[in-house]
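Asker:
Number of protein chains: 2
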Amino acid sequence: RKPQFRLRASMIEKEVPAAERPATFLRGIDEGPSNSPDSVRGRFERMIREAQDSVCAAIEAADGGARFKEDVWSRPGGGGGISRVLQDGAVWEKAGVNVSVVYGVMPPEAYRAANPSQNGNVKPGPVPFFAAGISSVLHPKNPFAPTLHFNYRYFETDAPKDAPGAPRQWWFGGGTDLTPAYIFEEDVKHFHQVQKNTCDKFNSDFYPRFKKWCDDYFYIKHRGERRGLGGIFFDDLNSYDQDMLLSFATECANSVIPAYLPIIEKRKDTPFTDKHKAWQQLRRGRYVEFNLVYDRGTTFGLKTGGRIESILVSLPLTARWEYDHQPEEGSEEWKLLDACINPKEWL
Amino acid sequence: RKPQFRLRASMIEKEVPAAERPATFLRGIDEGPSNSPDSVRGRFERMIREAQDSVCAAIEAADGGARFKEDVWSRPGGGGGISRVLQDGAVWEKAGVNVSVVYGVMPPEAYRAANPSQNGNVKPGPVPFFAAGISSVLHPKNPFAPTLHFNYRYFETDAPKDAPGAPRQWWFGGGTDLTPAYIFEEDVKHFHQVQKNTCDKFNSDFYPRFKKWCDDYFYIKHRGERRGLGGIFFDDLNSYDQDMLLSFATECANSVIPAYLPIIEKRKDTPFTDKHKAWQQLRRGRYVEFNLVYDRGTTFGLKTGGRIESILVSLPLTARWEYDHQPEEGSEEWKLLDACINPKEWL
Numbered sequence: 040r041k042p043q044f045r046l047r048a049s050m051i052e053k054e055v056p057a058a059e060r061p062a063t064f065l066r067g068i069d070e071g072p073s074n075s076p077d078s079v080r081g082r083f084e085r086m087i088r089e090a091q092d093s094v095c096a097a098i099e100a101a102d103g104g105a106r107f108k109e110d111v112w113s114r115p116g117g118g119g120g121i122s123r124v125l126q127d128g129a130v131w132e133k134a135g136v137n138v139s140v141v142y143g144v145m146p147p148e149a150y151r152a153a154n155p156s157q158n159g160n161v162k163p164g165p166v167p168f169f170a171a172g173i174s175s176v177l178h179p180k181n182p183f184a185p186t187l188h189f190n191y192r193y194f195e196t197d198a199p200k201d202a203p204g205a206p207r208q209w210w211f212g213g214g215t216d217l218t219p220a221y222i223f224e225e226d227v228k229h230f231h232q233v234q235k236n237t238c239d240k241f242n243s244d245f246y247p248r249f250k251k252w253c254d255d256y257f258y259i260k261h262r263g264e265r266r267g268l269g270g271i272f273f274d275d276l277n278s279y280d281q282d283m284l285l286s287f288a289t290e291c292a293n294s295v296i297p298a299y300l301p302i303i304e305k306r307k308d309t310p311f312t313d314k315h316k317a318w319q320q321l322r323r324g325r326y327v328e329f330n331l332v333y334d335r336g337t338t339f340g341l342k343t344g345g346r347i348e349s350i351l352v353s354l355p356l357t358a359r360w361e362y363d364h365q366p367e368e369g370s371e372e373w374k375l376l377d378a379c380i381n382p383k384e385w386l
Numbered sequence: 040r041k042p043q044f045r046l047r048a049s050m051i052e053k054e055v056p057a058a059e060r061p062a063t064f065l066r067g068i069d070e071g072p073s074n075s076p077d078s079v080r081g082r083f084e085r086m087i088r089e090a091q092d093s094v095c096a097a098i099e100a101a102d103g104g105a106r107f108k109e110d111v112w113s114r115p116g117g118g119g120g121i122s123r124v125l126q127d128g129a130v131w132e133k134a135g136v137n138v139s140v141v142y143g144v145m146p147p148e149a150y151r152a153a154n155p156s157q158n159g160n161v162k163p164g165p166v167p168f169f170a171a172g173i174s175s176v177l178h179p180k181n182p183f184a185p186t187l188h189f190n191y192r193y194f195e196t197d198a199p200k201d202a203p204g205a206p207r208q209w210w211f212g213g214g215t216d217l218t219p220a221y222i223f224e225e226d227v228k229h230f231h232q233v234q235k236n237t238c239d240k241f242n243s244d245f246y247p248r249f250k251k252w253c254d255d256y257f258y259i260k261h262r263g264e265r266r267g268l269g270g271i272f273f274d275d276l277n278s279y280d281q282d283m284l285l286s287f288a289t290e291c292a293n294s295v296i297p298a299y300l301p302i303i304e305k306r307k308d309t310p311f312t313d314k315h316k317a318w319q320q321l322r323r324g325r326y327v328e329f330n331l332v333y334d335r336g337t338t339f340g341l342k343t344g345g346r347i348e349s350i351l352v353s354l355p356l357t358a359r360w361e362y363d364h365q366p367e368e369g370s371e372e373w374k375l376l377d378a379c380i381n382p383k384e385w386l
């Protein structure tokens with residue numbers, strides 16, 4: 040799935056801090072109708088910014104004390120982002136919710152790879168692209184309260200100028216997934232049920248397909264285990280109506296809080312011991328391994344010169360690596376590890 | 040420098056635990072004189088195993104309580120290793136000292152890359168290789184006591200069977216480097232002076248050249264900063280007499296304890312605050328970023344199926360990531376960061 044693009048995209052401009060949030064990060068419509076407020080770009084940007092506001096408001100309310108710190112940044116040639124981070128709260132030790140809009144240029148191989156049947160004989164030049172997305176990782180303090188990650192993104196390429204007839208491309212990607220250190224079956228079921236309900240509103244194939252995609256994607260190959268207990272994940276999705284996929288991404292983003300907060304409310308004050316905390320920290324170490332070694336967004340961002348603090352806000356506040364740690368067979372720690380090695384059907 | 044090889048080497052066999060240390064991990068001499076005890080392979084293996092014994096004995100004595108746990112493993116087709124880890128000691132929170140011997144096969148591109156002038160016109164098949172090395176990372180508890188890393192390795196390829204006249208290759212690599220969270224100039228000077236003294240016994244060019252190579256290698260590109268305060272590093276070294284380079288690697292390994300332990304003795308009991316500890320943990324986070332994203336040995340090992348627990352023993356017991364942490368200008372934390380961004384001449 041277009042790994043070439045992800046690994047070989049051109050460098051993007053250095054970002055600069057901005058004093059306040061602009062109404063839009065899109066370039067002006069004098070650069071083409073695809074930047075108009077009614078375009079998919081414009082509607083997607085509004086969606087992710089509204090989702091950022093509503094998720095941050097819900098997290099602040101549930102945390103009951105700490106506030107998100109906001110950084111706004113932009114790039115001279117267009118695009119920018121809003122990073123919001125809550126650190127050392129009552130419930131979350133680190134919670135990041137970022138939106139960004141990027142105008143960049145991808146190498147032509149990537150464009151061919153995206154649609155080999157239609158332009159296998161042409162040699163287009165570099166292809167300008169547009170990408171917008173929301174990305175969030177929420178790490179609670181309590182070892183019985185799970186980490187949540189979600190990310191929804193929209194991608195467009197221009198039609199390459201020197202390849203007449205070669206089409207413009209667009210696709211959606213994203214997902215929401217849960218990473219507990221301990222399994223409460225009712226929590227995992229609830230989380231997956233919300234994902235399924237959202238998927239089922241659009242296509243009954245979506246949940247089984249995107250659930251498996253999620254299990255396959257969040258795989259720490261060198262460990263032979265997944266980062267967590269999954270959820271849904273999809274990428275390069277363009278074989279459905281564009282408006283339908285925009286609605287689907289919107290509903291997915293709106294499902295984050297109902298899927299996650301009831302679990303947090305139940306687990307945030309559960310008493311725990313040092314042993315529980317150490318196991319959570321070991322699992323956080325696995326989170327770091329996945330994100331730095333395998334995650335496409337992270338490795339792409341590090342290689343192309345994205346805003347480092349926004350990219351790495353996904354890393355936990357603290358993590359731990361013990362040599363050759365093996366949970367005792369049958370223990371609660373072992374059950375979590377088993378479910379990460381052998382993904383289960385929760386519904 | 041042969042990145043192709045490091046990223047594209049074939050998978051190696053799965054290791055199996057062994058009940059006790061064998062006299063040698065080399066294949067029998069019936070597989071060729073290069074496996075004899077007097078060969079460079081045999082002498083290098085003895086050297087790294089003696090260095091492992093002496094470093095572990097010195098660390099245990101200085102720690103004053105904790106002992107190394109040993110795991111011996113081997114591969115059915117030849118080769119194996121000894122991993123030793125001391126965890127939660129009085130002085131070190133995690134100390135790993137590993138030796139390994141690997142027989143593998145590298146893709147032909149790598150071999151051509153190693154010597155383009157002599158076999159640019161031949162298309163050799165996969166090239167068997169031999170690699171042996173010692174690798175160690177020592178993470179102390181006290182934030183004023185620095186982390187030390189060293190690694191010395193020897194590499195050989197067979198002459199490719201289907202490329203008549205193409206030569207056999209060999210090279211040495213390695214280095215010793217210091218990663219403090221706080222700078223004590225006398226400590227850094229002492230450390231670098233020992234490296235220079237060792238280098239100067241062999242070639243007056245070695246220290247300046249390998250000091251710069253070290254600063255260049257341990258570079259966290261996405262941060263624009265180095266992992267620590269350097270030392271020496273070299274790779275692909277074969278333009279000197281083989282016996283001389285074996286002696287040089289031996290002296291380097293023997294210099295580890297005199298370069299490092301006097302610093303530990305001075306700093307291990309220095310009183311510290313939570314603020315000092317948090318800064319040490321942030322720098323440990325940078326250590327994790329370098330090792331998982333850039334370190335050749337780590338990324339090579341993860342991709343090729345090396346023994347994961349041995350490879351990742353280099354990661355600290357605990358690490359920390361704070362969003363957008365900026366030390367106050369002029370502070371002790373800022374001075375360390377400045378020296379990581381702008382490498383200094385310490386002698």
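One line per chain: the protein sequences are A and B, in this order.
Okay, so the first sequence: first residue is 40 according to my numbering, each after it adds one.
Okay, so the second sequence: first residue is 40 according to my numbering, each after it adds one.
Don't be surprised by glycine CBs; every beta carbon is placed ideally from N, CA and C.
1) Ordered along the chain, which non-local residues of its own chain (more than five positions away) have a Cβ less than 6 Å from that of P219 (chain A)?
2) Tell me whether F329 (chain A) sits in a helix, a strand or coil according to DSSP, three-state version.
3) Do G213 (chain B) and N190 (chain B) have their CB atoms nearer than 8 Å?
4) Residues of chain B with a CB under 9 Å from the CB of G135 (chain A): which are they?
5) Quick one: is A358 (chain B) near chain A, going by C-beta distance under 8 Å?
6) For a contact meaning CB atoms closer than 7 Å, what does L341 (chain B) contact in chain A?
7) Since Q19 (chain A) and R266 (chain A) should fall inside the 8 Å C-beta cutoff, what is the C-beta to C-beta distance between them, to a whole number of angstroms?
8) Between the segment 128–144 of chain B and the segment 162–178 of chain B, do at least 3 Cβ pairs fall closer than 8 Å?
9) Roughly how many angstroms separate the alpha carbons of Y256 (chain A) and R306 (chain B), rounded to a whole number?
10) If distances are taken between C-alpha atoms only, which option among A:Q126, A:N74, A:S278 and A:R66 comes closest to C95 (chain A)?
11) Using a 10 Å radius around the Cβ and a threshold of 16 neighbouring Cβ atoms, would you call S156 (chain A) buried or exposed?
12) Would you mind working out which of A:L284, A:D110 and A:F64 sits nearest G116 (chain A), comparing C-alpha positions?
13) Taking only three categories from DSSP, how would you classify G340 (chain B)?
14) According to DSSP, simplified to helix, strand and coil, what is N154 (chain A)?
15) Does I121 (chain A) have its Cβ less than 8 Å from a Cβ in chain B?
16) How about I173 (chain B): is its C-beta nearer than 8 Å to some C-beta of chain A?
17) So that I know if they touch, is there some Cβ in chain B lying closer than 8 Å to that of P297 (chain A)?
18) Along chain A, in chain order, which residues have C-beta atoms closer than 8 Å to that of P355 (chain B)?
19) Along chain A, which residues have their Cβ under 8 Å away from the Cβ of I222 (chain B)?
20) Am I right that I302 (chain B) and F249 (chain B) are in contact with their C-beta atoms under 8 Å? What's the rounded C-beta distance?
21) Give the single residue among B:V233, B:P61, B:H178 and B:R82 whose Cα lies nearest to the Cα of A134 (chain B).
22) Give the DSSP-derived three-state secondary structure of Q365 (chain A) in the structure shown.
23) For K235 (chain A), count the other beta carbons within 10 Å of its own beta carbon; 16 or more makes it buried, fewer makes it exposed. Which is it?
24) Under a three-way DSSP split, which group does F287 (chain A) fall into?
25) Nearest chain B C-beta to Q126 (chain A) closer than 8 Å, yes or no?
26) Could you tell me if P355 (chain B) is buried or exposed, where buried requires 16 or more neighbouring beta carbons within 10 angstroms of its beta carbon?
27) If the cut-off is 8 Å on Cβ atoms, which residues from the segment 316–331 of chain A count as contacting chain B, listed in chain order?
28) Ordered along the chain, which non-local residues of its own chain (more than five positions away) have a Cβ less than 7 Å from that of L386 (chain A)?
Answerer: Working from what's here:
1) P185
2) helix
3) yes
4) Y362
5) yes
6) H261 and V332
7) Here chain A covers residues 40 to 386 and nothing more, so residue 19 (chain A) does not appear.
8) yes
9) 45 Å
10) Nearest neighbour of C95 (chain A) by Cα position, chosen from A:Q126, A:N74, A:S278 and A:R66, turns out to be A:Q126.
11) Residue placement at S156 (chain A) is poorly supported in this model, since its pLDDT is 46, which falls under 50; the coordinates are not used for a value here.
12) Measuring C-alpha to C-alpha distances from G116 (chain A) to each of A:L284, A:D110 and A:F64 identifies A:F64 as the nearest.
13) DSSP places G340 (chain B) in helix when its eight states are reduced to three.
14) Per-residue confidence for N154 (chain A) stands at a pLDDT of 48, beneath the threshold of 50, marking its modelled position as unreliable; the derived number appears in the next sentence. Coil, per DSSP.
15) Under the Cβ criterion of 8 Å, I121 (chain A) is not counted among the residues facing chain B.
16) no
17) No, its Cβ sits nowhere closer than 8 Å to a Cβ of chain B.
18) By Cβ distance, chain A contributes W360.
19) Under the 8 Å cutoff, chain A gives no residues; its nearest Cβ is about 24 Å from I222 (chain B).
20) Not really, about 20 Å apart at Cβ, beyond 8 Å.
21) B:H178
22) coil
23) buried
24) helix
25) Taking Cβ atoms only, chain B reaches closer than 8 Å to Q126 (chain A), which makes this a yes.
26) When all chains shown are included, P355 (chain B) counts as buried.
27) Q320, G324, V327, E328 and L331
28) K228, H231, Q232 and K235
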